[in-house]
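Colleague: Right, I'll just put the structure down here and ask away after.
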Amino acid sequence: MSTQTRTAYGSIVLRVFRGETGDGREERFEVPAVEGMVVLDAIHYIQANYANDLACRWNCKAAKCGSCSAEINGRPRLMCKTRVDEFGKDEIHVWPMRAFPLIKDLVTDVSWNYKVNKEIPGFTPPANEPIPYRMLPEDTERVYEYRKCIECFLCQDVCHVLRNHDDKSMYYGPRYMVRIAALEMHPLDTQRRTGLLHGKAGVEMCNITKCCQEVCPEHIKITDNAIIPLKERTATEVYDPIGWMLRKVRPRQEPAGVTGGETTELGGVRLPQRFAVKDVVRLKSGDRPFARVGGVRPDGKLEVWILKMRGTQQHWKGPRVIGTSDVTNNYGPLDDVGIGSKLFEQTLVDHAE
Amino acid sequence: MDLLSEDYQSLTTDVLVIGAGGAGLRAAIEAAAAGARVDIVCKSLLGKAHTVMAEGGIAAALGNVDAEDNWQVHFQDTVRGGQLINNSRMAELHARESPDRVYELETYGAIFDRTPDGRIMQRAFGAHTYRRLCHVGDRTGLEMIRSLQDRVVQLGIEVHMEVTLTRLLKDGDRVVGAFGYNRIDGRFVAFRCKAIIMATGGWGRIFKVTSNSWEGTGDGVGMGFDAGAEVLDPEMVQFHPTGMVWPPGVRGILVTEAVRGEGGYLKSRDGKRFMLEYDPKKKELSSRDVVARSIYKEVEAGRGTEHGGVFLDVTHLGAEKIKKKLPSMHEQFLRLADVDITKEAMEVAPTIHYAMGGLRVEAETGATTLLGLYAAGEVAAGLHGANRLGGNSLSDLLVFGRRAGAAAGSYQREVGLGRIDESQIAEEQAILLRPLGGDGNENPYLLQQQLQQAMQDGAGLARDEKRLKACLNSILELRQRVTRIRVPGSRRYNPGWHTARDLRFMLTVSECIVRAAIERRESRGAHWRLDYLEKDEALGRVNFVAYNDGGNVKLQQRPVPEMPPELARLFQEAAATTSATAQPPARPPAPKRVPA
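Take a look at the structure:
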C-alpha cells in the first residue's frame, strides 16, 4: 500500500480476537486506512507488521472461495467483502465463527461440516442415461441458486440450532439443506433423500427464523428456496416413484414440495397410502408432530405413538388411534429415516397416556 | 547436521496427490478407479483451491453452438496462441479429449448453462476461433471443483486438509514419499507411497499484482526442482489483461475474460476502442498477451485512466444480460469498488494470472523426469507454450489430471514401497524449524513483499536485460536473508512460520523465471522484451529448461518436440482454405520443424 493514500485516510482501529482453546482476548491494532480497504486487508497488514503469527484463513480475496469467514462486530461475514469504511470511525471487532470450536485466533475447526457432507448420498444419475446429458434450461435453472454456495459456513455459524446444540447431532444445518436441495432438484438425480432429510438431517429442527439467508454472501434464499420446500416434501416422494421421477425431470412451476396435498395424485387418480408398523409419519393436527406407527387396525385406522422432545431425550406418547387422513407424510421405516439410529444414542421412553 | 529427528506422523498410501484443485481431484478419481489407495493433501480446506476462482469457462470443441468446431481447430488455436513452442502432442490430446472430460463432469453432477434444446451452452473467448467455452454464468470454476469434490467424497478418497508438504523423499532415483507439516498443530507428517501426483498449481504470489490466492507459491516446482525434476519454460508467465485497478485493496483481482466474451469493449480514457487498432480482426478477443500489451501501451502513452488502467465497458449490453451472464462481476464491482457495471465502465489493468511453465512432463502420462513423480495442471508445462488461451486451463486440469491419475495408478501396481532414509527427514525438519529459533531478525512477510516488488518491477509484463539482472540480484540477496528469518509464536496455525518455508519455493521459482527470461532474447507470447522486440526464429525452436545443479539454478536449451506430420498438415490445410472459413485465423504460420 502506498504511503500517499495512507495519510489521506488516517487510521482505523481493529480489535482482533487472539488466543487458543480456553483462553482468548481481543487485541488492539491500529492500521493505516486505504481507500476501498476491506477487513481482510487490515488483517494482512497486522500479520505483516505487528503479529506474524496471527491465524486466519483466506484464499481468493474476491468472495469466491468462502474461506475468510469471521464475525465482524458480531455479524458473520466474509472479511474480504467487508469494507472498513462502512464502520466510519468505530472500532472494528473481528472474532472467529463462534458456532465452531476454536483452533487459534480467527481459525475454527469446521471439520464437522465435511463429516456431515459425507453422510449425504451424492448425485446418482440413471445407470443407462445417454451421455452427453440432455437437460432443458427450464429444468436446470433453478438448481443454479443452490450451486452458487461457496461453503463459507456463515449460515452454519448463525443457525440457532447449531449454535445452541454443541453436539450438533440434531440438524445438518442450512448449508446441507442447500446441498440436499441441489441434489434433490437435479433433473437427472435418482437418489431419494427424503428419509435422511426428515431423520438424521433434521430439517424439522429449523424454525424458519431466516437468519441464515440474511448472512449468505451469495444471496441464496436458503430458508425460502431450500429449507421450506424440503420441509414440505410430501408422501408423494416416498410412495409415488413415477410422479416423483416426472417432477424431477419436469419440475412444477411452484417451489418443490409445496403441494399441501395429503393424498397422492397422479393423473387425477387417488392412490391409497400404505402404512406399516414402525413407519414414521407426520400428523396434520396442531403443531404437526411426528409419530411412529405402533399398529395398523383391521378397519384401516392406525395406532400411533407421538414424538415429544425433552431436551435431547425422545419420548413417545401413546398409543393414540387416528385415521389415515390425519397423516400428512409417511417417511417410511424408522430405521431408514434415521431417527431409529439416533434412538440408540438417546433415551427412548414410552409414556402411556 | 543433527540427524536426530522429532517424532512425526507417518502415513502410508499407494498414490499421494498433492493439491486438491481441479487437476489433483481429477487425478485422484482416476487413480482410485485404477484400484489404488489414494490420499489427497491440500494446504487449504477442501474446495477452496484456486480452481474455484476460474470464471469464464472450460474450452472444449463440442460444436454445440458453432457446429463447424472440432478438435483440429481447437488444437491449432492452442498452438498458435502458444507461439509454436507448445508440446504439440499435449495440445493434440487436450483438444481431442476435452469434450469427453466436460461430459464426464456432468456425470459427477455439474450442470453447465444450456442451449434451448438442452445441450451445453458455449461462449466466445479470446483467440478461440469458435464459441467454445462451456460455462456456468461466471462461476465455472466453482461448479467444477464442487462436482469433483463431491465425486471424491462419494468414492471415499481420504483428503488431508490444511497439510503442507515441503520435501519429496527419495529412495535412490525414485520418489517414494513426501514430508511436511500439519498447518493446524504444526506437527510433522511423512507419507510413504508408491507414486506422487503433483497438482499444486502456479506461483502468482511471487508477483505483487496478481489474481492468485496465497496458495500460489510454487511449492510443486520448488519441491520437484529440489528433488531433481526439470522445469520447462519458466519465463512464460501470463498476464491476464483485465484485473481490477481501483481501489488499491482490490488491485489485481480478476475481471473475467467472459466480460469481453459476452461483448464488452476496452476503451481508452477518451472513449476510443483501441483494440480495433492493435488487432482489427479479433479486437477485444485477441489472445491475452496481445490484449495485455495493448493495455500497457495505452497506459504508457498517457491514454489510461487516472489509476493507471483502461476502461472495460459493458453498459451497452443492458442490465438484464449483465446480471444473468456476469452476476459475480456485477456483485464484485458493486461491493468492492462502488461501481455498478450496468451503468459505468470498469477500470482494468493487466494482472499476473497463470504460469505456462512448470515441471517438464511426458504428454501421455504426466510423468516428470523423476521416477514415481507425476504432474498435472498448472504445475506441469508444455501444453500452453508461450501463452495460454482462456478456458484451456480448466480443460487442461481434467484431461491431464485424468491421464496422470491413470498412469500413476498403473505404475503403483508394478512397484513396492520404497525405503525412506531418515536423514532426509531430519534435514527438512531442521529447515522447517529454523525460523522458530535462533537469532535471526528478518520478517517473512516483508521479505515476501520485497520479492513481489522485485519480480513486478524486473520480470513483469515489459522486460529488458537491465531490469531482469537487477531482479536476479535482488533474488540472490533475498536467498541469503531467508536463512535469517525469525518468526514469533508457536507452531500452532502460524502463518508467519508457513510463509518462511513458502518463500524458499518462491525464490527458487523466481530465479528459474528470471534466468530463463534473460536468456530468451526475443519477444514471444507472454515474454515481451523491450530490448528484443521481434521473434527470433532460432529461439522459436527451443524451450528453456531449468534444473538443479548442486543447489544452483542451471539452464539448458532443448529443441521443441517435433510436430508429427499429420498435425503439421492441419496448419497447411487451414492456410489453404482461409477464405472459406467464417473467422479465419489471423496469420497461419508454417509449422517450425525441429532438427532431430
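Protein chains in written order, with our numbering: chain X, 9 to 361; chain B, 440 to 1035.
Note that beta-carbon positions come from the ideal geometry of N, C-alpha and C, so glycine has one too.
Looking at Arg799 of chain B and the ligand COA, is the gap between the Cβ and the nearest heavy atom below 7 Å?
Modeller: This structure simply doesn't include the ligand COA, nor any ligand for that matter.
Colleague: For Val151 of chain X, go through chain B and note every residue whose CB falls closer than 9 Å to its CB, in chain order.
Modeller: Ile550
Colleague: Any beta carbon from chain B within less than 8 Å of Asp61 of chain X's own beta carbon?
Modeller: yes
Colleague: Who does Val598 of chain B pair with in a DSSP beta bridge?
Modeller: B:Ile479
Colleague: Tell me which residue opens and which closes the beta strand (DSSP E) that Ala634 of chain B is part of.
Modeller: 634 to 637
Colleague: Determine the chain X residues that contact Glu582 of chain B at a beta-carbon separation under 7 Å, and present them in chain order.
Modeller: Arg155
Colleague: Can a CB atom of chain B be found closer than 8 Å to the CB of Leu144 of chain X?
Modeller: yes
Colleague: If we count Cβ pairs, one from each stretch, closer than 8 Å, do we get three or more for the stretch 836 to 855 of chain B versus the stretch 803 to 812 of chain B?
Modeller: yes
Colleague: With distance defined between alpha-carbon atoms, name the residue in B:Arg954, B:Pro874, B:Gln889 nearest to Arg925 of chain B.
Modeller: Looking only at B:Arg954, B:Pro874, B:Gln889, the smallest Cα-Cα distance to Arg925 of chain B is reached by B:Pro874.
Colleague: Taking one C-beta from the stretch 683 to 701 of chain B and one from the stretch 741 to 759 of chain B each time, how about it: are there three or more such pairs within less than 8 Å?
Modeller: yes
Colleague: Reducing DSSP to helix, strand and coil, say where Pro538 of chain B ends up.
Modeller: Of the three classes helix, strand and coil, the one that applies to Pro538 of chain B here is helix, per DSSP.
Colleague: Which residues in the same chain as His194 of chain X place their Cβ atom closer than 7 Å to its Cβ, once the five residues preceding and following it in sequence are excluded?
Modeller: Apart from sequence neighbours up to five positions away, the residues of its chain that approach His194 of chain X with a beta-carbon distance below 7 Å are Phe131, Val151, ordered along the chain.
Colleague: Is the beta carbon of Arg590 of chain B closer than 8 Å to that of Met547 of chain B?
Modeller: Note that residue 547 of chain B corresponds to Tyr in the displayed sequence, not to Met. Against a cut-off of 8 Å, the Cβ pair of Arg590 of chain B and Tyr547 of chain B comes out as a contact.
Colleague: Val169 of chain X and Tyr184 of chain X: beta carbons closer than 8 Å?
Modeller: In this structure, Tyr184 of chain X does not lie closer than 8 Å to Val169 of chain X by Cβ.
Colleague: Can you tell me whether Asp577 of chain B is buried or exposed, with buried defined as 16 or more other CB within 10 angstroms of its CB?
Modeller: buried
Colleague: Does the beta-carbon of Thr452 of chain B have 16 or more other beta-carbons within 10 angstroms, so that it is buried, or is it exposed?
Modeller: buried
Colleague: Determine, using beta carbons only, whether Cys64 of chain X and Asp113 of chain X come nearer to each other than 8 Å.
Modeller: yes
Colleague: Rounded to whole angstroms, what's the CA-CA distance from Asn882 of chain B to Ala549 of chain B? Just pull it up for me.
Modeller: 44 Å
Colleague: Name the DSSP beta bridge partners of Ser19 of chain X, please?
Modeller: X:Pro40
Colleague: Please go through the same chain and pick out, in chain order, the residues whose beta-carbon is closer than 8 Å to the beta-carbon of Gly27 of chain X, but skip the five residues on each side of it.
Modeller: Arg33, Leu110, Lys112, Asp113
Colleague: Taking Cβ-Cβ distances shorter than 9 Å, what residues in chain X pair up with Tyr547 of chain B?
Modeller: Gly130, Phe131
Colleague: Considering only the beta carbon of each residue, do Met795 of chain B and Ala965 of chain B sit closer than 8 Å?
Modeller: yes
Colleague: Can you grab the Cα-Cα spacing for the pair Gly741 of chain B / Val953 of chain B, in whole Å?
Modeller: 29 Å
Colleague: Using the Cβ count rule (16 or more neighbours within 10 Å means buried), how would you classify Ala802 of chain B?
Modeller: buried
Colleague: If we define contact as Cβ-Cβ less than 8 Å, is Ala56 of chain X a contact residue for chain B?
Modeller: yes
Colleague: Using a C-beta to C-beta distance shorter than 7 Å, which residues of chain X count as neighbours of Gln593 of chain B?
Modeller: Gly130
Colleague: Taking 8 Å as the CB-CB cut-off, is Asn67 of chain X touching chain B?
Modeller: Under the Cβ criterion of 8 Å, Asn67 of chain X is counted among the residues facing chain B.
Colleague: Only counting the same chain, and skipping five residues up and downstream in sequence, which positions put a Cβ closer than 7 Å to that of Arg535 of chain B?
Modeller: Trp510
Colleague: Hey, would you say Val285 of chain X sits closer than 8 Å to Gly308 of chain X, going by beta carbons?
Modeller: Not closer than 8 Å, so no.
Colleague: Please identify the residue among B:Cys951, B:Pro998, B:Asn982 whose C-alpha is closest to the C-alpha of Gly663 of chain B.
Modeller: Of the listed residues, the one whose Cα sits closest to Gly663 of chain B is B:Cys951.
Colleague: What separation, rounded to the nearest whole angstrom, lies between the Cα atoms of Ser177 of chain X and Met768 of chain B?
Modeller: 38 Å
Colleague: Given that Ser19 of chain X touches chain B, what residues does it touch there, using C-beta distances under 7 Å?
Modeller: By Cβ distance, chain B contributes nothing, its closest Cβ being about 15 Å from Ser19 of chain X, past 7 Å.
Colleague: In angstroms with no decimal places, state the Cα-to-Cα distance between Glu916 of chain B and Ala909 of chain B.
Modeller: 11 Å
Colleague: Could you check how far apart the C-beta atoms of Asp941 of chain B and Thr656 of chain B are, in whole angstroms? I think they sit under 8 Å.
Modeller: 4 Å
Colleague: Roughly how many angstroms separate the alpha carbons of Ala59 of chain X and Arg36 of chain X, rounded to a whole number?
Modeller: 11 Å
Colleague: Looking at chain A, is there any beta carbon in it that lies within less than 8 Å of the beta carbon of Asp589 of chain B?
Modeller: In summary, chain A is missing from the structure at hand, where the protein chains are X and B.
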